[in-house]
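Per the working numbering, residue 686 is the first one in the sequence shown, and the count goes up by one each step.
Read through the structure below, which is laid out as structure tokens, and then see the notes.
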Amino acid sequence: ACPKAASLTISAEFALVAPVDSGFWWIFLLRAYTKSTGDTSLAEMPECQKGMRLILSLCLSEGFDTFPTLLCADGCCMIDRRMGVYGYPIEIQALFFMALRCALLLLKQDEEGKEFVERITKRLHALSFHMRSYYWIDLKQLNDIYRYKTEEYSHTAVNKFNVIPDSLPEWIFDFMPVHGGYFIGNVSPA
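Next comes the structure, spelled out in structure tokens:
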């Protein structure tokens, strides 16, 4: 036994920042359970309904952020806590979208549930548009980016991320499918 080991203290860093992803996974797993088993009694329990409403009230609350995406503080993800996830990571936006869609199906249509359904529907519409506008890349978007001017900074700027077209590797055009595209992450219009 090492004498220094007895004097060491370990402080837990979890629970200091709300783990946004675990709440979303909980809603998703509840939906997966109800869909798989056909048993909705668990989701209809007052405790589960309250849990969903608490998670949703946290992530749908009005704040200073003007984007429909969810701003993530450093260390807010249980799985990626040590990876320094910050900003608007695509994996959290995808989980957010999934949780909202699942919650629409799980929430009771009572007075409290209907209020959340309206808020979720509005947020899903805005989130879908935002994701398609800022996270989606396809061959057309890639060609547009290739023709961008740089150093545009006003609200009318076409090149919102100030992408330098010469920085695009040549192989990216061969990699991009003719039909379809990809969601890309780690970008924000700020």
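Using N, Cα and C, we set each Cβ at its ideal position, and we do this for glycine too.
Nearest to residue i (by Cα), restricted to the options the options
i	options	result
Leu790	Tyr831, Gln734 and Pro862	Gln734
Met783	Glu796, Ser813 and Asn844	Ser813
Pro704	His810, Thr841, His864 and Leu756	Leu756
Val863	Lys799, Asp706 and Asp823	Asp823
Residue span of the beta strand (DSSP E) that contains residue i, given as start and end
i	result
Asp823	Trp821 to Asp823
Beta bridge counterpart(s) of residue i as assigned by DSSP
i	result
Cys757	Gly772
Phe868	Trp821
Reduced DSSP secondary structure (H/G/I, E/B, other) of residue i
i	result
Phe801	helix
Ala892	With the chain covering 686 to 875 only, the question about residue 892 has no answer from this structure.
Gln778	helix
Lys807	helix
Where the alpha helix (DSSP H) through residue i begins and ends
i	result
Glu729	Ser726 to Glu729
Lys720	Val705 to Thr722
Phe858	Trp856 to Phe860
Beta-carbon proximity check, residue i vs residue j, cutoff 9 Å
i	j	result
Leu780	Phe709	yes
Ala788	Met730	no
Tyr820	Gln778	yes
Pro876	Arg804	Since the first and last residues shown for the chain are 686 and 875, residue 876 lies out of range.
Leu827	Phe858	yes
Ile740	Ile712	yes
Pro850	Arg832	yes
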